[in-house]
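Participant: Residue numbers (the numbering used here): 511 to 820.
What follows is a structure written as structure tokens; I'll ask about it next.
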Amino acid sequence: MPLPSAPDLTNRVAIITGASRGIGREVALALASRGCHVVIAAKTVQAHPTLPGTIYTVCSEIESKYPNVRALPVVVDLRSADACVKAVEETVKHFGRVDVLVNNASALWWQNMIDTPTSKYDLINGINARGAFIMTRECMKHMLKNKWGRVVSMGPPLPKSYTEYAGKTAYYMSKCGMSMVALGAAAEGEGSNITGNALWPATIIESLAATNFKLGERDTWRKASILADCVVQLCGDARTTGETLIDDLYLAKLGMSQREIRETYNLDPSKEVPRFLAPSADGKTSGGDWKIKRGDVKKLKKDLEVSARL
511 MPLPSAPDLT NRVAIITGAS RGIGREVALA LASRGCHVVI AAKTVQAHPT LPGTIYTVCS
571 EIESKYPNVR ALPVVVDLRS ADACVKAVEE TVKHFGRVDV LVNNASALWW QNMIDTPTSK
631 YDLINGINAR GAFIMTRECM KHMLKNKWGR VVSMGPPLPK SYTEYAGKTA YYMSKCGMSM
691 VALGAAAEGE GSNITGNALW PATIIESLAA TNFKLGERDT WRKASILADC VVQLCGDART
751 TGETLIDDLY LAKLGMSQRE IRETYNLDPS KEVPRFLAPS ADGKTSGGDW KIKRGDVKKL
811 KKDLEVSARL
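In structure tokens form, the structure reads like this:
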């Protein structure tokens, strides 16, 4: 059974953080394909040899593919409250509204507490939890006024087992903060046609981060389009709110079969992917293994060596 018809988002306006590449770019393209104007909010303004894509290249790509859609590039460092506030102000000044916020940008840090310096803790919490909170707060002002809004944070379900925090305490504090922001938007937007949901992949998604951090074998990854399709569906789903969703389980709830999900999104459709990030019935994930260390690409070799010895 295919997905429900994708919603018509003509003249809606979406802000997607971290949209200069990867998952954010994929989400922006998917929303634009439904007629939604998009704001590409990210830091990258100049191409880098190892990090292709800028806010300007993504905007050009979108407007060339979808002539009736406008794409606005906005420079945003989520660590700056002023930059976040100005990004929303610029969006409203340019489009007159903001309807959708996708809190996508975030920083990765899978390390034990004793290996987490305060500067790194401040960085990931500043980008992930604090940045998502400020962006959501500013967008909610306009969503409440217009009586319509969708907030999606790329954040995980809140861990049910304390063992999940091993090797990821600071990371979960920041990423679960992103999830809580979406749940807060759901609670405070109730009655105003505003939904809020956290969205999390069941396994590793193909991206530069996955490649650069060597997060397993490519044939166990899925395409970023699985998250993008979920976001599009959530924009038309007024009944799903206040939930922490796993991408393939949400699509299955909408009617896709496991075969359809595998053939549509798995990089290797002949293989079942390991549910590396999705919690099982006991609340644990294989991704909760504290032996898996990541955080600084420059120190990846050391992380791999340490992980191999544990």
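Where is the CB? At the ideal position from N, CA and C, for every residue including glycine.
Could you pull out every residue in the same chain whose Cβ sits closer than 7 Å to the Cβ of TYR675, ignoring the five residues on either side in sequence?
Facilitator: PRO669, TYR682
Participant: From this set, ALA581, TRP731, VAL662, which residue's C-alpha is nearest ARG785's C-alpha?
Facilitator: TRP731
Participant: Would you mind working out which of VAL612, ASN656, ARG728, VAL586 sits nearest ALA552, comparing C-alpha positions?
Facilitator: Nearest option by C-alpha distance: VAL586.
Participant: For LEU755 versus ASN707, is the C-beta distance shorter than 8 Å?
Facilitator: Yes, the pair counts as a contact, with Cβ atoms nearer than the cut-off.
Participant: So within the stretch 584 to 612, which uninterrupted alpha helix (DSSP H) runs reach at least 4 residues, ignoring any that extend past its ends?
Facilitator: 591 to 605
Participant: Determine which residues share a DSSP beta bridge with TRP710 and list them.
Facilitator: Beta-bridge partners of TRP710 (DSSP): ILE756.
Participant: Could you give the C-beta distance for ALA734 and GLU536, rounded to a whole number, given that I count them as a contact under 8 Å?
Facilitator: 4 Å
Participant: Please identify the residue among PRO627, LEU761, ALA720, ASP632 whose C-alpha is closest to the C-alpha of LYS685.
Facilitator: ASP632
Participant: If you scan the stretch 512 to 597 from start to end, which runs of the beta strand (DSSP E) of 3 or more residues do you find wholly inside it?
Facilitator: 523 to 527, 547 to 552, 581 to 585
Participant: Run through DSSP, which three-state label would GLY659 get?
Facilitator: strand
Participant: ARG607: which of PRO779, ARG531, ILE771, VAL549 sits nearest, CA to CA?
Facilitator: VAL549
Participant: Less than 7 Å separating the Cβ of LEU611 from some heavy atom of the ligand ZN?
Facilitator: The ligand ZN is not among the ligands present in this structure, which contains no ligands whatsoever.
Participant: Whose C-alpha, out of SER702, TRP658, ASN635, THR673, is nearest the C-alpha of ALA680?
Facilitator: ASN635
Participant: Below 6 Å CB to CB, which residues in the same chain sit around ALA591 once its five sequence neighbours on both sides are set aside?
Facilitator: ILE644
Participant: Give the straight-line distance between the Cα atoms of SER530 and VAL568, rounded to the nearest whole angstrom.
Facilitator: 6 Å
Participant: Considering just the uninterrupted stretch of the alpha helix (DSSP H) at ALA692, what are its terminal residues?
Facilitator: 679 to 699
Participant: On the three-pair Cβ rule with 8 Å, is the stretch 655 to 669 touching the stretch 712 to 730?
Facilitator: no
Participant: Cutting at 6 Å between CB atoms, please list the residues of its own chain near PRO517, excluding the five before and the five after it.
Facilitator: CYS745, GLY746
Participant: Output the distance between the C-alpha atoms of VAL661 and ALA581, rounded to the nearest integer angstrom.
Facilitator: 19 Å
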